[in-house]
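The structure appears right after this line, and notes come after that.
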Amino acid sequence: YYDRAGALRDMVQNHLTQLLALTAMEVPATFTADAVRNEKVKVLQSIEPPRPEDVVFGQYERGSIEGEEVPGYREEPGVEPSSSTETFVALRLHIANWRWQGVPFYLCTGKRLPQSVSQIIITFRRPPVAFFRTWCGAAPPSNVLVITLQPDEGFDLFFEAKRPGQPLQLEPGNLRFRYREAFPERLPEAYETLLMDIMEGDQTLFVRADEVEASWRLYSSLLRNPPPLHFYPAGTWGPPAAEALLQQGLLSPVGNSVARG
């Protein structure tokens with residue numbers, strides 16, 4: 043299946059684009075299926091298809107993960123030796139609406155990376171005037187909210203805090219929350235919730251036909267004319283071209299993107 047699909051179809055078009063829609067949508071009037079999905083559709087229909095310079099496709103080569111040698115993708119069983127299937131995608135999207143005009147959204151997913159992690163990372167705008175300076179005289183970095191979906195659900199809020207005493211000095215701080223620490227009893231698996239929703243007839247977490255159409259619209263040109271492949275060793279965070287793209291948004295590819303799978 044994967045060699046015929048690739049990372050764009052397998053992860054970006056559905057999973058990561060849904061995370062983007064949930065992150066960027068307006069608050070629905072009610073927590074009902076139609077209200078939630080209406081807001082997601084509005085976002086998806088406002089996203090501009092990515093330009094060629096906003097997309098990086100990659101494919102992993104032979105490398106090592108946690109000290110174990112792993113084959114390259116073209117050496118995997120059942121994969122053609124000349125396969126051009128992408129195992130890594132990094133791209134930048136823009137939403138043409140009032141709230142998000144000028145704000146870039148980065149999506150990134152890949153196979154054979156150093157670790158499996160799914161996160162939504164939101165970097166807040168810096169204020170126009172910095173009242174406080176760090177110890178080296180520079181303006182404080184942006185606050186960052188990291189929502190971790192797996193493997194350890196929770197969130198971290200990173201910010202600058204004033205060090206007690208004099209002189210006035212700011213240092214990095216963070217607030218941390220983990221579901222398994224707050225609720226030590228067994229947490230339901232993701233599919234348990236979906237199966238229960240099916241039995242109860244609740245469609246809130248399921249996509250609607252117009253959502254699917256709006257999502258495919260974004261990537262149809264990439265499927266027809268895919269960009270060139272950039273190769274990366276297994277066990278790394280992707281090709282250098284992807285790191286350069288993400289760094290334009292002040293993001294590191296090491297577990298950092300607005301939506302990562």
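First residue of the sequence shown? That's 43 in our numbering, and the numbers climb one at a time after it. Even glycine gets a Cβ: it sits at the ideal position worked out from N, Cα and C.
query, result
"Beta-carbon proximity list for Trp258, same chain, < 7 Å, skipping 5 on both sides", "Gln55"
"Glu128 to Leu135 span [Cα, whole Å]", "19 Å"
"Tyr221 - DSSP class collapsed to helix/strand/coil", "helix"
"Range of the contiguous alpha helix (DSSP H) that encloses Val254", "251-266"
"Same chain, Cβ closer than 6 Å to Glu304, neighbours up to 5 away in sequence not counted", "With the chain covering only 43 through 303, there is no way to say anything about residue 304."
"Where Glu68 sits in the DSSP three-state scheme", "coil"
"Thr235 versus Leu61 - alpha carbon distance", "17 Å"
"Cβ-heavy atom distance, Leu133 to the ligand SAH, below 7 Å", "Within the structure as shown, the ligand SAH is missing, as the structure has no ligands at all."
"Alpha-carbon to alpha-carbon, Gln87 and Ala63", "10 Å"
"Gly109 and Leu271 closer than 8 Å at C-beta", "no"
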